[in-house]
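This report refers to the structure that appears directly beneath it.
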Amino acid sequence: MTIYFMYFLIPLLVLLSAMFVWRIFFQTSPYTRQTLYPSQLPIYHEQLTTGREKEIRRIAGQILTGQSSAIVGAFSSDRTLILNALRNPELYGDKADRLKFSLLDISSLDINCTPLQFWDKALKPLPEKIADESDSGLSKAYQACQDNQFENFYLDKLFAQLKQENWRLVLMLDRFEALLHRSNLDNSEFLGGLRMLASSRYPSPLSLIIAGDISLHQFHQDTKDLNPMGSPYLNFMESGEITLGALSESEIDKLLNQSEQQFTDEERQFIKDVAGGHPHLLQLAVSALWNAYENEEENPLKSAEQLFYNRTKSMLNNMLQSWSANTRQAFVSVAKNGKVSDFKNELEELEKQGFVINNNGTWQIRSRVLSKFVAN
Amino acid sequence: MLPEKPEKPYIAGGSVSDNQAFVGRADVLREVLNVLRDPHQNAIVLFGQRRIGKTSVLRELEAKLPTDGYCPIFFDLQDKAQWPLERVLRTLAKEISYVLQPKDWQAPDLGADPETTFREVWLPKMLDTLPTETSLVLLFDEFDVLADPKDEQASTTFFPYLRHLLTIDLQRLNFVFVIGRKIDELNMLALSALKGIDTYRVSLLNKEDTIQLIRLSEVNQTLNWTSEAIDKIWQQTNGHPYLTQSLCAFVWDNIYDQAHDQLPIATMEDIEMALPNVLKKSLRFYERVLELDAENSEAKNGLQTIWQQRGDHAYEKGDLDNALEAYRKADSDDKVTEIEKKIRTQTHLPEWYQPAQFALQQGDKQKAKTFFAKIIAIDPEYKEVSRYLHFAITNVDPNDSINVIQKLKKSNRKWLLVFTAMTIFFVGMVSTGAICFTTYP
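Protein sequence lines, in the order shown, are assigned to chains D and V. Going by our numbering, the first sequence opens with residue 1, and the numbers climb by one from there. Going by our numbering, the second sequence opens with residue 1001, and the numbers climb by one from there.
This is the structure in structure tokens:
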């Protein structure tokens, strides 16, 4: 009997007590999380391109062959990360040293920005390249551009020279839709010129990569009055249009696995449910959860959800406002289980962007925070 | 052995020229050359839908016209829609002089009256500098941007000026205009400027050229195609260069999402996988073509083919609502009738048939008659509805060998049998229990 107590029952009780204590104090304790990983965001910014490898490879393929691409996504940070990732020379093999990258955030340009100011900024990498070759054809062509206010004629000759010397400028324009609010750029001369420079030669010495939250179709609708008879300005890049949708379940897991924080199954599910599949929302959800632990909340998941909602609602509001009336109505109808049969195209587009999902014929919103936002 | 960074050879977007990606178009090039050689003509209008490859044709002409007879100048009007005539002329003069006098080039000075100077002094002088037997060929891309009915400024000045320009020198000054719509859709001024000029449609590629386009990836040794896959692409795109390149590019990208150490082969499966996405894109593409050109027959046919394929796809999956919508858009009347009938059969008819039979069993012939009549109005061949209706009205079964009531009663017999069997089983159990109890108390 004593042996039974000594060697079996007491150790068993100790083990059970230890498991109980661990469950109570460690697994759910906010203190422990804070002690383990102080003041660090669980997912690093650079890791957020996880799950976007395919998109990056495809756009890099377009750049390699002198073609243009459009990146359409609701969250600017997702798009910007991809633009930055595209500058990695490893993507271009032995052609990397013939590419010059230029990144411009259109929303950062002055509201009265002129084509001259635009091209002066956009062509910044060229003076750096030609600094030591003042007599070269490229240097002369660039000088002619500067002397003639970057007129399209001179720009065309500059790009012809670039092509002749086997160079390519990769012009990345972030928040491209902001162009529509800059009257000196939102005109047929500038937009038609951009089209001509990027599309009329093959392989083009100007590879245009635009990123924004509106599709090319929407952009063409918005500029139709400027160009009622000609080809839509950017239709040459329609086949290279890439929409950043939601990550798949396995891609989300892969992303979360890269975190220094090891998430429990419950936390993992919580993050997926509230955020859906967009890396930016996932990062914010993880961050909210982290803060809930740091704040020693009694119910960290519930508090995190509220925190996440408070932090994202203004962004979500802006996003919904930027959608067309029909798209907004389609989205609200899905959220409120209303009639959706009239919004087939809108729902297909929203599905592509990863906001709704079709489960056996029933449309659903992917992220709980969006459902809550619409409900409120 | 695959290259380290395989390059996709398909260009679905920008223009291609002077390159293996430019295929076909021998007919268009021949037509242009015929006009250029004709001493009585000096202009041709090439027209065709968006993304059919018109700019590529111009660029090909620029690169391939024999240098010993022609001096081509490409001039894109897309960015010049709102320019005053004098600015268009100054830029055109720059382009011409840049090609003719590249050495120590300087922008030509057209003075204070550029319109007169260009036409009467500068251009004739330029033509005189050309070698003998050589003519200048002005290749105007996006010519229709100037024909915006709302923008009268360009129309009222440019087109009358052009009309005059066309007559300057039939031998040494030639014009090729490219427009994205049919010529009779231009405004009156543009029409009068182009009156009497030959037109030629830049159309779809033939099968041979389409196959050559598809096989570009075999030329750069990045992807082989099975002949079934090639046939499927031809069937899907009907030789539209943009759609062919889009579909091939999509398949190429899908295949290269995985790493390969051997030359991959695109099969029917790869095409089938790419189709829903590509069909969606093609659909949008044709819709946009029709937004600009409602009567464009190529776009109409393309759209119909896609809707037909979408309908077939939905029908195969049993998605009748979407199939019906697609077949309606494809104007496929037979299929619409077939599916409408099927939908009616699947929804309303069973809802009416069951109560009708029940009413007949209960002897409520009036009610049965009403339901059977409703069914017969939609589908007279549904089950045995005409027979039952006949019986409900006349009390006579048209099919003598079977008595309807007896048949209906037969179904009740089934329940009687089950009930009897259960009773026997129950009695048996009770009896067995009683015997056991009395034998072994």
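Just so it is clear, CB atoms sit at the ideal spot from N, CA and C, and this is done for glycine as well.
Quiz prompt | Nearest-angstrom beta carbon gap, I59/D and I209/D [assumed within contact, 8 Å] | solution = Taking the first sequence and counting its residues from 1, the one referred to as residue 209/D is at position 209. Taking the first sequence and counting its residues from 1, the one referred to as residue 59/D is at position 59. With a Cβ gap of about 6 Å, I209/D and I59/D count as contacting.
Exercise. May I ask you to list the residues that DSSP assigns as paired with P1276/V?
Key: Position 276 of the second sequence, counting from 1, holds the residue named residue 1276/V. As far as DSSP is concerned, P1276/V takes part in no beta bridge.
Exercise. Note down, in chain order, every chain V residue with its Cβ under 9 Å from the Cβ of G192/D.
Key: Start at 1 with the first residue of the first sequence, and residue 192/D comes out as number 192. Within 9 Å Cβ-Cβ: D1076, L1077, Q1078, D1079, K1080, A1081, E1142, V1145.
Quiz item: Which one or two residues does DSSP pair with R415/D in a beta bridge?
Solution: Because chain D spans 1 through 376 in this model, residue 415/D falls outside it and cannot be assessed.
Exercise. Examine chain V for any beta-carbon lying closer than 8 Å to the beta-carbon of K339/D, and answer yes or no.
Key: Here residue 339/D refers to the residue found at position 339 when the first sequence is read from its first residue. Under the 8 Å criterion on CB atoms, K339/D is classed as non-interfacial with respect to chain V.
Quiz item: Going along chain V in order, which residues have a C-beta closer than 7 Å to the C-beta of T49/D?
Solution: Within the first sequence, the letter at position 49 stands for residue 49/D. The premise fails here: T49/D is roughly 16 Å from chain V at the closest Cβ pair, so nothing lies under 7 Å.
Practice problem: Return the chain-ordered list of same chain residues with a C-beta closer than 6 Å to the C-beta of L1036/V, the five sequence neighbours on each side being excluded. | Solution: By one-based count along the second sequence, residue 1036/V stands at place 36. If you ignore the 5 residues before and after L1036/V, its C-beta comes within less than 6 Å of the C-beta of N1174, all in its own chain and listed in chain order.
Quiz prompt | Residue closest to F1118/V, alpha-carbon to alpha-carbon, out of F1140/V, A1147/V, T1134/V, V1088/V | solution = In the second sequence, counting from the first residue as 1, residue 1118/V sits at position 118. Residue V1088/V holds the alpha-carbon nearest to the alpha-carbon of F1118/V among F1140/V, A1147/V, T1134/V, V1088/V.
Quiz item: Given that N310/D touches chain V, what residues does it touch there, using C-beta distances under 8 Å?
Solution: Residue mapping note: residue 310/D aligns to position 310 of the first sequence, counting from 1. Within chain V, no residue has its CB atom less than 8 Å from the CB of N310/D, the nearest being about 38 Å off.
Quiz prompt | E1228/V versus A1266/V, I1073/V, R1059/V, G1111/V, residue with shortest Cα-Cα distance | solution = The residue labelled residue 1228/V in the question sits at position 228 within the second sequence. Of A1266/V, I1073/V, R1059/V, G1111/V, the smallest CA-CA separation from E1228/V is found for A1266/V.
Quiz item: What do you get for N152/D, buried or exposed, if any count of 16 or more other CB atoms within 10 angstroms of its CB means buried?
Solution: Numbered from 1 along the first sequence, position 152 holds the residue referred to as residue 152/D. Burial of N152/D is indicated by the presence of at least 16 other C-beta atoms within 10 angstroms of its C-beta.
Quiz item: Is the Cβ of G1180/V closer than 8 Å to any Cβ of chain D?
Solution: For the purposes of this step, residue 1180/V is taken as the residue at position 180 of the second sequence. Interface residue, yes.
Quiz prompt | Cross-chain neighbours of M196/D in chain V, by beta carbon under 7 Å | solution = Start at 1 with the first residue of the first sequence, and residue 196/D comes out as number 196. Within chain V, the residues near M196/D are D1076, Q1078, D1079.
Practice problem: Taking A1368/V and A1392/V to be in contact with their CB atoms under 8 Å, please state how far apart those CB atoms are, rounded to whole angstroms. | Solution: Residue 1368/V sits at position 368 when you count from the first residue of the second sequence. Residue 1392/V sits at position 392 when you count from the first residue of the second sequence. Contact flag correct, Cβ pair sits at about 4 Å.
Quiz item: Mapping DSSP to helix, strand and coil, what is I242/D?
Solution: Counting from 1 along the first sequence, the entry for residue 242/D is found at position 242. Secondary structure at I242/D: strand, using DSSP grouped into helix, strand and coil.
Practice problem: Please name the residue in G1048/V, L1166/V, T1439/V, H1240/V whose C-alpha comes closest to that of V1278/V. | Solution: Looking up residue 1278/V in the second sequence gives position 278. Nearest C-alpha to V1278/V: H1240/V.
Practice problem: Determine whether the Cβ of E1298/V lies closer than 8 Å to any Cβ atom of chain D. | Solution: As a working note, residue 1298/V is residue 298 in the second sequence. Not an interface residue.
Quiz item: Under a Cβ-count criterion, where at least 16 other Cβ atoms within 10 Å of its own Cβ denotes burial, should K1281/V be classed as buried or exposed?
Solution: What you label residue 1281/V is simply residue 281 of the second sequence in a count that begins at 1. Looking at its Cβ environment, which holds 16 or more other Cβ atoms inside 10 Å, K1281/V is buried.
Practice problem: Answer with yes or no whether the minimum CB distance from G1014/V to chain D is below 8 Å. | Solution: Numbered from 1 along the second sequence, position 14 holds the residue referred to as residue 1014/V. Closer than 8 Å to the CB of G1014/V there is at least one CB belonging to chain D.
Self-check item: Continuous beta strand (DSSP E) stretch holding D1333/V: start and end
Solution: Position 333 of the second sequence, counted from the first residue, corresponds to residue 1333/V. Element bounds for D1333/V: not the beta strand (DSSP E) but the alpha helix (DSSP H), 1333 to 1362.
Quiz item: Cα separation between T35/D and S367/D?
Solution: The count along the first sequence starts at 1 and reaches residue 35/D at position 35. The count along the first sequence starts at 1 and reaches residue 367/D at position 367. Since pLDDT at T35/D reaches only 33, below the 50 mark, its modelled position is unreliable, and the value read off the structure follows with that caveat. So the alpha carbons of these two residues sit roughly 31 Å apart.
Quiz item: Buried or exposed: where does W119/D fall if 16 or more other Cβ atoms within 10 Å of its Cβ makes it buried?
Solution: What you label residue 119/D is simply residue 119 of the first sequence in a count that begins at 1. Per the 10 Å Cβ criterion, buried.
Quiz item: Would you call Q27/D buried or exposed, if buried means 16 or more other Cβ atoms sit within 10 Å of its Cβ?
Solution: As a first step, residue 27/D is located in the first sequence; it is residue number 27 there, counting from the start. Below a pLDDT of 50, predicted positions are generally treated as unreliable, and Q27/D, at 47, falls in that range; no measurement from the model is reported.
Quiz item: Are the C-beta atoms of T65/D and some chain V residue less than 8 Å apart?
Solution: Start at 1 with the first residue of the first sequence, and residue 65/D comes out as number 65. Output row for T65/D: interface = yes.
Quiz item: Considering P1072/V, what are the terminal residues of the beta strand (DSSP E) in which it resides?
Solution: Translated into the one-based positions of the second sequence, residue 1072/V becomes position 72. Segment 1070 to 1076, the beta strand (DSSP E) holding P1072/V.
Exercise. Can you check the stretch 61 to 115 of chain D for any alpha helix (DSSP H) of at least 4 residues that lies completely inside it and give the ranges in chain order?
Key: Runs of alpha helix (DSSP H) with 4 or more residues, each lying fully within the stretch 61 to 115 of chain D, are found at 76 to 85, listed in chain order.
Quiz item: Listed from N- to C-terminal order along the chain, which residues in the stretch 1339 to 1373 of chain V have their beta-carbon within a distance smaller than 9 Å of any beta-carbon of chain D?
Solution: Result list empty, no residue passes.
Self-check item: Minimum Cβ-Cβ distance from P89/D to chain V less than 8 Å
Solution: Numbered from its first residue, the first sequence carries residue 89/D at position 89. Using a Cβ-Cβ cut-off of 8 Å, P89/D does not count as an interface residue toward chain V, since no Cβ of chain V sits closer than that to its own.
Self-check item: Segments assigned alpha helix (DSSP H), at least 4 residues, entirely inside the stretch 1014 to 1042 of chain V
Solution: The stretch 1014 to 1042 of chain V contains, as complete alpha helix (DSSP H) runs of 4+ residues, the segments 1026 to 1037 (chain order).
Quiz item: How would you label E1062/V, buried or exposed, when you count the other beta carbons within 10 angstroms and need 16 or more for buried?
Solution: Position 62 of the second sequence, counted from the start, is the residue given in the question as residue 1062/V. Within 10 angstroms of the beta-carbon of E1062/V lie 16 or more other beta-carbons, which makes it buried.
Quiz item: If you measure from the beta carbon of I1271/V to each beta carbon in chain D, is any gap under 8 Å?
Solution: Translated into positions along the second sequence, residue 1271/V becomes position 271. For I1271/V, no CB of chain D lies under 8 Å from its own CB, so it is not counted at the interface with that chain.
Quiz item: Can you find a C-beta in chain V that's less than 8 Å from the C-beta of G73/D?
Solution: Here residue 73/D refers to the residue found at position 73 of the first sequence. Proximity of G73/D to chain V, defined by a Cβ-Cβ separation below 8 Å, is not satisfied.
Quiz item: Per DSSP, V1045/V forms a beta bridge with which residues?
Solution: Against the second sequence, residue 1045/V aligns to sequence position 45. Residue pairing by DSSP places V1045/V opposite F1177/V, T1199/V in a beta bridge.
Exercise. Would you mind telling me which residues of chain D sit closer than 8 Å to D1113/V, beta carbon to beta carbon, in chain order?
Key: To locate residue 1113/V, count along the second sequence from 1; it is residue 113. The contact set of D1113/V on chain D, defined by CB atoms closer than 8 Å, is empty, because the minimum CB distance reaches about 21 Å.
Quiz item: Which runs of the beta strand (DSSP E) spanning at least 3 residues fall entirely within the stretch 1120 to 1170 of chain V, listed in chain order?
Solution: Entirely contained in the stretch 1120 to 1170 of chain V, the beta strand (DSSP E) runs reaching 3 residues are, in chain order, 1135 to 1141.
Quiz item: Does any CB atom of chain V fall closer than 8 Å to the CB of F153/D?
Solution: For this step, residue 153/D is matched to residue 153 along the first sequence. Yes, because at least one Cβ of chain V sits closer than 8 Å to the Cβ of F153/D.
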